[in-house]
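Accompanying notes for the structure given below.
There are 2 protein chains.
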Amino acid sequence: MSANLRLFDLAGADDNLRFSPNCWRTRLALAHKGLPVETVAWRFTEKEVIAKSGQGKVPVLVAGDQWLYESWDIAEYLEDTYPDRPSLFGCSQGRAAARFVNQWANEVLHPAMARLLLPDIHAALHEKDKDYFRTTREAAFGRSFSAIAAERDEALAALRRTLAPLRTTLGAQPFVAGAAPAYADHVVFGAFQWAHVITPGSLTVADDPISAWVERMLDAYGGLARAAQRMARR
Amino acid sequence: MSANLRLFDLAGADDNLRFSPNCWRTRLALAHKGLPVETVAWRFTEKEVIAKSGQGKVPVLVAGDQWLYESWDIAEYLEDTYPDRPSLFGCSQGRAAARFVNQWANEVLHPAMARLLLPDIHAALHEKDKDYFRTTREAAFGRSFSAIAAERDEALAALRRTLAPLRTTLGAQPFVAGAAPAYADHVVFGAFQWAHVITPGSLTVADDPISAWVERMLDAYGGLARAAQRMARR
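Going down the list, the protein sequences come from chains A and B.
When we follow the numbering used here, the leftmost residue of the first sequence carries the number 755, and every step to the right adds one.
When we follow the numbering used here, the leftmost residue of the second sequence carries the number 755, and every step to the right adds one.
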C-alpha cells in the first residue's frame, strides 16, 4: 500500500545519535501517518550521497523514485499522498496556520536554541564533519564558538523570552495542534528533541507548561522520541 | 436569526477614530461571519460603562444578556454560536494553531508595534484618557514616552526582524489562513490596522509580501478596514 520509504537522517560520530530537528519533524510525521521508514545515518559532508535530491541538506526522503527534501515539503507530500491516514493538518486552514508555526520555528526558535547547543553538537559530530560545521555555523552567527559559548546565560534568558507565545498556547491547550499532537507540534518539538538528544542537561524549567508538553511529546507515537539514543554526560 | 450585537470599541478624541488592534480582530471576525454589529465609541477611562463584563478592557461584545470580553474568547464564542456561517478556524487543528498565531501577535507583535505607535496614539486620545494611557504604558515599557520616541529607528529595525516568520509565510501563501482570510489573519492584521489608522505614515516596505497582504486585508469584507477613518497628518 505504501512505497518503501528511506530517510537520510543526520547522525553524529555514533551512527545511532540522531539529533537533527528537521529530521525529527519528518520522523514524527511518518509516525503520525503510521508509515514505517528505514533511516540511513548521514553526515553533513556526505553531499554526494543525497545528490539525487538536487541539494545538500537533510531530511531527504526517498519514496520509490522520488527524492524529496525540505521538511515542510515532505510533510505536505505525506499529507497529500496518504490522505486517508491521520491528518497532519486537519484542514486547509490548519495547514496554513501550521506553516506560520513552521516559519516561527525555523526563523526564531532554531537560532535561539542553536546558540545553546552548538558546543554540544560540535562535540557529538563525526570527525569528518567538525570543520564543516564550525566554519558554516561561525559564519552564520558572525562570531566564534568560544564567543557563543561565553554568552550562555544570556542565550538561555533569550530562549525563555522567545518561548513566550508557545508557553501561553500550551497553558491553554495540551498540544499546539489542540487535543492531540500533529504537525504543528512536530515542527516545534523537533527543536526540543534536538536539545534532548544532544545536551546532557535540561533546558526547560519545571512547572512550565512547555516542560509538561515536552514529556507528552516524548511519549507520543509509542515513545518514539523518548527511545532515541542521547549524548552521554561528558 | 442572530442576537442584537453591540461592540464597545476603543475611540480617540474623535468618536469615529477606531484604532484598537484587539477590537479590529472582533470587527473582522463579525464581518467574516456576516453578522451586523452596532459599535459604541468607548474610552480607556470609561470602566463603569463595561463593568457588567466583569473587567475593564475592550473589546466587549454584548450579545443579548451576555457580556463577552477578550478577543480570543469572543472569536471562539462566534465560531461556536454560528457554526453554519463561514468558519473562523476551519477545524479543531486550525483553531489550535490560530491560537499560537494569536499568542504570537499578543506577546511579540503588539509590543514591537506599540513602541512605534505610542506617540501617535497619545496624540489621538480624548483628553480624559491621556494621563491614564501615559501612566499605564510608561509603566509597562519601564521608560518614558520621550525615551521610547528616541528609539524609533531601532524600534523599526526590531519590528522588521520580528516580522520574519510572517514575511516568509506570506511569501508562500496569500493569507495566514491559506487561500482566503480567516481568524489567523484577523489577529495579525489587527496590529497593522492599528498602525494604518493611527499613523499618518507607512510602517511597511514596498516589495514585501506583508505589504501586499495588508492591501488584501484592507480590501477584504467589502473594504471594511480601508473605510476606517484615519488620523490626519499633524
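C-beta atoms are modelled at their ideal positions from N, C-alpha and C, and glycine is treated no differently.
Remember, it's a predicted structure, so these values are computed and weren't measured experimentally.
Contact belief for residue i with residue j at Cβ below 8 Å, rounded distance in angstroms
i               : j               : result
Q765 of chain A : L759 of chain A : Correcting the residue identity first, residue 765 of chain A is Ala in this sequence and not Gln. With a Cβ gap of about 18 Å, A765 of chain A and L759 of chain A do not count as contacting.
A866 of chain A : A912 of chain A : 6 Å
H786 of chain B : L822 of chain B : That pair is no contact at about 16 Å.
D939 of chain A : F929 of chain A : 5 Å
F773 of chain B : A894 of chain B : F773 of chain B to A894 of chain B, Cβ: 18 Å. No contact.
G944 of chain A : R779 of chain A : 5 Å
I964 of chain A : T958 of chain A : 6 Å
R781 of chain B : L978 of chain B : 7 Å
R849 of chain A : I902 of chain A : The Cβ separation is near 35 Å, so there is no contact.
A933 of chain A : S846 of chain B : 7 Å
A974 of chain A : P935 of chain A : 5 Å
D721 of chain A : V803 of chain A : Because chain A here runs from 755 to 988, residue 721 of chain A falls outside it and cannot be looked at.
H950 of chain B : R984 of chain B : 7 Å
A931 of chain B : A851 of chain A : 6 Å
A817 of chain B : Y937 of chain B : A817 of chain B to Y937 of chain B, Cβ: 18 Å. No contact.
Neighbouring residues, chain A, relative to residue i (Cβ below 8 Å)
i               : result
C845 of chain B : G844, C845, Q847, G848
Residue i in three-state terms, based on DSSP
i               : result
L771 of chain B : coil
V812 of chain B : coil
L957 of chain A : coil
A931 of chain B : coil
A817 of chain A : strand
Y831 of chain B : helix
A877 of chain A : helix
T799 of chain B : coil
S807 of chain A : helix
V837 of chain B : What sits at residue 837 of chain B in the sequence shown is Pro, not Val. P837 of chain B: coil per DSSP, three-state reduction.
A926 of chain A : helix
A719 of chain A : Any question about residue 719 of chain A goes unanswered here, given that chain A covers just 755 to 988.
R869 of chain B : helix
S900 of chain A : helix
R987 of chain B : coil
L789 of chain B : coil
Limits of the alpha helix (DSSP H) - the one that residue i falls within
i               : result
F854 of chain B : 846-858
E892 of chain B : 881-895
V942 of chain A : 937-952
S965 of chain B : 963-977
A909 of chain A : 906-916
L842 of chain B : No alpha helix (DSSP H) contains L842 of chain B, which DSSP labels as neither H nor E.
Range of the contiguous beta strand (DSSP E) that encloses residue i
i               : result
D763 of chain B : 759-764
L822 of chain B : 820-823
A795 of chain B : 792-796
CB contact check: residue i to chain A, cutoff 8 Å
i               : result
E861 of chain B : yes
A911 of chain B : no
Q927 of chain B : yes
A918 of chain B : yes
A933 of chain B : yes
Residue-chain proximity (residue i, chain B), Cβ-Cβ < 8 Å
i               : result
V968 of chain A : no
V930 of chain A : yes
T858 of chain A : Checking the sequence, you will find Trp at residue 858 of chain A rather than Thr. Yes, its Cβ sits closer than 8 Å to a Cβ of chain B.
A829 of chain A : no
Neighbouring residues, chain B, relative to residue i (Cβ below 8 Å)
i               : result
A938 of chain A : Q847, A850, A851, F854
Amino acids of chain B, ordered along the chain, whose beta-carbon sits closer than 7 Å to that of residue i
i               : result
T991 of chain A : Any answer about residue 991 of chain A is impossible in this case: the structure gives chain A only from 755 up to 988.
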